[in-house]
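Residue numbers (the numbering used here): 56 to 237.
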């Protein structure tokens, strides 16, 4: 074997070493295989639901723009019934968790959609944006029990990506947010 053929075989071997994992991944993906477990805490919404056209009226009278040019993610707090003191304390926990994102806290906006909160509660829960889901686009993700809260994470393009049930753990929600809001 001459030097030219040896160099060609060496180049082909290098290409195969790097191409083999890509081919295996492609074949697994085409066969529909998915890992049994994932690292996210929230339930992945597959396929993502486009809520970009869902009309939401904010407490100040404005409309919520789901698509955000500054690339803000939206954590939607969903309530089914009257949001009493315990419910408001849970919202405050979510807002404190947002602050623990440090410099990335500004990249996450928190929007409450449910029955109208009293004006003093909205002021105490700043920077919470409160509003109403006019088209009931997120009704399927609301908790069943009155006073319970559920969360939904919407990406900057207006796609609902993750949802969290009424028994969500704020610390584990934060772990998911750290991965996406960077």
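All C-beta atoms, glycine included, are put in the ideal place defined by N, C-alpha and C.
Going by CA-CA distance only, name the one from 113, 226, 74, 193 that's closest to residue 172.
-> Position 117 of the chain shown, counted from the first residue, corresponds to residue 172. Among 113, 226, 74, 193, the Cα nearest to that of residue 172 is on 113.
Cβ-based burial, residue 188 [other Cβ within 10 Å; buried from 16] | Start at 1 with the first residue of the chain shown, and residue 188 comes out as number 133. It counts as buried.
Among 138, 96, 228, which one has its Cα closest to the Cα of residue 177?
-> Residue mapping note: residue 177 aligns to position 122 of the chain shown, counting from 1. Comparing Cα positions, the closest option is 138.
Beta-ladder partner(s) of residue 167, from DSSP = If you number the chain shown from 1, residue 167 lands on position 112. Partner residues in the beta bridge of residue 167, as assigned by DSSP, are 132, 185.
For residue 100 and residue 215, believed in contact at Cβ under 8 Å, the rounded distance = Here residue 215 corresponds to residue number 160 of the chain shown, with the count starting at 1. Here residue 100 corresponds to residue number 45 of the chain shown, with the count starting at 1. Between residue 100 and residue 215 the Cβ distance is about 5 Å, and since that is below 8 Å, they are a contact.
From the DSSP output, in three-state form, read off residue 155 for me.
-> Along the chain shown, read from residue 1 onward, the residue named residue 155 stands at position 100. DSSP places residue 155 in coil when its eight states are reduced to three.
Tell me whether residue 205 sits in a helix, a strand or coil according to DSSP, three-state version.
-> For the purposes of this step, residue 205 is taken as residue 150 along the chain shown, with counting starting at 1. In the three-state reduction of the DSSP assignment, residue 205 falls in the strand class.
Give the secondary structure of residue 219 by DSSP, where H, G and I count as helix, E and B as strand, and everything else as coil.
-> Counting from 1 along the chain shown, the entry for residue 219 is found at position 164. Here residue 219 sits in strand by DSSP.
Comparing the CB of residue 138 with every heavy atom of the ligand MN, is any distance shorter than 7 Å?
-> The model on display carries no ligand, and the ligand MN is accordingly not part of it.
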